[in-house]
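Notes for the one structure printed next.
Number of protein chains: 2
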Amino acid sequence: MITTKNAIIRLSRYKSALARLRNLGFVKVFSDNLADAVGVTAAQVRKDFSMFAITGHRRGGYQTDALIEKLNSLLGKDSLQKVIVVGCGNIGSALMKYKSFEQEGIKIAAGFDTSGSFVKKSSEVPILSMDELQSFVSKHKIHIGVIAVPEAVAQAVLDQMVAAGIKGVLNFAPIRLRAPENIVINNVNLVLELESVIYFTRAVEKNPQALVEGG
Amino acid sequence: MITTKNAIIRLSRYKSALARLRNLGFVKVFSDNLADAVGVTAAQVRKDFSMFAITGHRRGGYQTDALIEKLNSLLGKDSLQKVIVVGCGNIGSALMKYKSFEQEGIKIAAGFDTSGSFVKKSSEVPILSMDELQSFVSKHKIHIGVIAVPEAVAQAVLDQMVAAGIKGVLNFAPIRLRAPENIVINNVNLVLELESVIYFTRAVEKNPQALVEGG
DNA sequence: TAGATTGTTAATCGATTAACAATC
DNA sequence: TAGATTGTTAATCGATTAACAATC
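Structure, rendered in structure tokens:
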């Protein structure tokens with residue numbers, strides 16, 4: 001359901017806006033505050049909350065702390081999430097060092113790569129050989145993985161990950177991966193994101209009233 | 216218009232599928248072939264093409280080469296696109312080395328950073344100080360920039376980029392940026408993408424019929 | 001010609017928004 | 001109480017899909 005997907009993304013945005021509002025001293029927030037902060041309508045905020053059975057107070061809005069906690073638990077952020085990264089090239093190693101993940105309760109447990117030169121068990125996030133994927137994943141009970149390998153090997157890597165027990169994947173390879181239907185795949189295509197900026201920038205330059213709102 | 220945005224993203228996908236089909240020897244393709252390759256309906260393909268005045272032959276489908284060329288020109292890929300990257304931390308430097316951009320006719324002309332230690336004019340993609348942003352952008356007539364700086368300084372960086380003449384931005388900072396309405400901004404939030412995988416993976420584990428299709 | 005595929009219109013589907021009764 | 005905000009229903013809006021006439 002695509003509805004749910006967009007709604008979940010908005011919940012994440014509400015959560016991040018709430019953290020900022022809390023820092024500003026907001027003890028309670030109204031749907032209107034959140035709407036402004038995130039750039040949606042107040043009705044959208046209330047509709048989203050009602051879909052996930054989040055309730056407030058008829059005249060007093062929502063308690064900031066309670067709301068953040070509820071969103072965290074909904075989004076699976078009540079416990080540390082362990083994730084592996086397969087492919088330790090440019091993108092993969094950037095993700096392994098990316099501070100924001102840890103701040104959000106996401107821990108990169110290990111990186112994996114075929115080419116021996118990358119393998120480095122001693123670094124902060126160990127980089128292991130693909131041979132060790134299966135045992136590492138089952139030993140550490142990891143369900144989530146990131147694919148940051150070249151397009152040509154992405155499908156084979158996904159198959160190995162699924163065989164090892166991975167259930168959810170964030171894929172940076174610019175290709176449609178095939179997997180059993182109980183496997184969750186989310187694609188990020190950086191070239192496509194930049195191409196879309198290029199297209200719309202040109203479109204606006206040619207025809208300034210072609211207003212566009214970014215995703 | 217959000218329609219247009221989704222349509223453009225699909226055009227990009229068609230283009231990338233077409234390159235693969237051409238390698239397989241397809242001289243002409245049908246809307247049905249593209250639909251299968253990209254995972255949409257044939258009607259969607261034809262509708263998208265009609266929106267952008269791309270026509271085929273009533274019984275002979277579309278000429279692969281001509282179609283690729285048309286899509287490239289629509290997407291602004293007929294000339295080399297020069298882009299700058301501001302912020303040379305993990306994500307920024309990964310993007311500067313990312314091979315797929317060059318393969319798609321996107322050239323990272325320079326990176327920019329405040330902290331002096333990063334500055335390195337001699338490397339393949341020069342890394343310059345923020346002081347040089349304005350002159351570099353106007354000298355090289357660059358319209359597109361990537362923001363890969365920490366959240367706290369993202370708005371200030373955007374303001375400088377806009378002042379320097381940048382018209383379109385791909386933003387990796389997890390925050391809603393404010394800009395004049397003729398500036399195109401596209402946001403990529405990596406934490407949010409991973410969080411969404413975590414959420415849906417949990418949802419499917421709890422309730423296997425909660426089928427989800429990735430973006 | 002008969003068959004197949006496009007291009008487009010109309011129908012459907014789903015998501016967002018507006019409005020308002022409930023109520024604190 | 002009067003005023004304000006939620007939670008939800010109904011209305012709107014827009015995107016996708018189905019269907020089919022045109023035609024190669």
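Quick mapping for you: the protein sequence lines, in order, are chains A and B. Numbers 1 to 215, taken from our numbering, label the letters of the first sequence in order. Numbers 216 to 430, taken from our numbering, label the letters of the second sequence in order. Ideal Cβ positions, reconstructed from N, Cα and C, are used throughout, including at glycine.
Tell me the residue span of the beta strand (DSSP E) that contains A/PHE112. 106 to 113
I believe B/PHE250 touches B/GLN259 by the beta-carbon criterion, under 8 angstroms. Please report the beta-carbon distance rounded to the nearest angstrom. Strictly speaking, residue 250 of chain B in this sequence is Ala, with Phe absent from that position. Indeed, because the Cβ distance is near 7 angstroms, the residues count as touching under 8 angstroms.
Between the beta-carbon of B/ALA371 and the beta-carbon of B/VAL352, is there less than 8 angstroms? no
Taking the alpha-carbon positions, what's the B/SER330 to B/LYS285 distance? 43 angstroms
So the beta strand (DSSP E) A/VAL83 belongs to, where does it begin and stop? 81 to 86
Taking its Cβ as the centre, do 16 or more other Cβ atoms sit within 10 Å of A/ARG178, making it buried, or is it exposed? exposed
Taking Cβ positions, are B/LYS356 and B/LYS322 nearer each other than 8 angstroms? no
In its own chain, which residues sit with a C-beta less than 7 angstroms from the C-beta of A/GLU102, not counting the 5 before and 5 after it? none
Counting Cβ pairs closer than 8 angstroms, one from the region 123 to 134 of chain A and one from the region 170 to 190 of chain A, do we hit at least three? no
Distance cutoff 8 angstroms, beta carbons only. Does B/GLU410 sit that close to anything in chain A? yes
Using a Cβ-based criterion (distance less than 7 angstroms to any ligand heavy atom), does B/GLY271 qualify as near the ligand PLP? For the structure depicted, the ligand PLP is absent and the ligand set is empty, with no information on it obtainable.
Residue interval of the beta strand (DSSP E) (run including A/LEU170): 168 to 171
With a threshold of 8 angstroms between beta-carbons, can A/ASN33 be considered close to chain B, or not? no
Classify A/LEU133 as helix, strand or coil using the three-state DSSP reduction. helix
Can you tell me whether B/LYS285 is helix, strand or coil according to DSSP? helix
Could you tell me which of B/ILE359, B/LYS354, B/ARG391 sits nearest to B/VAL368, measuring between CA atoms? B/ARG391
Roughly how far, in whole angstroms, is the beta-carbon of B/ILE484 from the beta-carbon of B/VAL301, given that I think they are within contact range, below 8 angstroms? Residue 484 of chain B falls outside the range modelled here, since chain B spans only 216 to 430, and no answer is possible.
Look up A/TYR98 in the DSSP assignment and say whether it is helix, strand or coil. In the three-state DSSP reduction, A/TYR98 falls in the coil class, being neither helix nor strand.
So that I know if they touch, is there some Cβ in chain B lying closer than 8 angstroms to that of A/GLY61? no
Mapping DSSP to helix, strand and coil, what is A/ILE8? helix
How about B/LYS220: is its C-beta nearer than 8 angstroms to some C-beta of chain A? yes
Please list, in chain order, the chain B residues whose beta carbon lies closer than 9 angstroms to that of A/VAL90. Just to set this straight, residue 90 of chain A is Asn in the shown sequence, not Val. Neighbours of A/ASN90 on chain B, chain order: SER308, ALA309, LEU310, MET311, LYS312, TYR313, LYS314.
Straight-line Cα distance separating B/LEU282 from A/ASN90: Between A/ASN90 and B/LEU282, the C-alpha separation is close to 32 angstroms.
Selection from B/ASN238, B/LYS421, B/LEU226, B/THR279 that minimises the alpha carbon distance to B/GLY254: B/LEU226
What is the DSSP secondary structure of B/VAL399, reduced to helix, strand or coil? strand
Is the CB-CB distance between B/GLY291 and A/TYR199 below 8 angstroms? yes
Give me, in chain order, the residues of the same chain whose beta-carbon lies closer than 7 angstroms to that of A/LEU74; leave out the 5 immediate sequence neighbours on both sides. LEU11, PHE52
Name the DSSP bridge partner or partners of B/LEU343? According to DSSP, which records beta bridges pairwise, B/LEU343 is partnered with B/PHE327.
Are any of the Cβ atoms in chain A nearer than 8 angstroms to that of B/SER353? With respect to chain A, the C-beta atom of B/SER353 has no partner C-beta closer than 8 angstroms.
Less than 8 angstroms between the CB atoms is what I'm expecting for B/GLU408 and B/PRO389, so what's the real figure, rounded? Contact doesn't hold; Cβ gap of about 11 angstroms is too wide.
Contact criterion: CB-CB distance below 8 angstroms. Does B/PRO423 meet it with respect to chain A? yes
Boundaries (first-last residue) of the beta strand (DSSP E) holding A/ILE147: 144 to 147
Neighbouring residues, chain A, relative to B/GLU420 (Cβ below 8 angstroms): HIS143, LYS167
Taking only runs of the alpha helix (DSSP H) that begin and end inside the region 244 to 288 of chain B, which ones reach a length of at least 4 residues, in chain order? Those alpha helix (DSSP H) runs which fall completely within the region 244 to 288 of chain B and span 4+ residues are 246 to 253, 257 to 266.
Residue of A/ILE144, A/VAL119, A/PHE112, A/HIS143 minimising C-alpha distance to A/LEU133: Cα-wise, what sits closest to A/LEU133 is A/PHE112.
Any C-beta of chain B under 8 angstroms from that of A/VAL85: no
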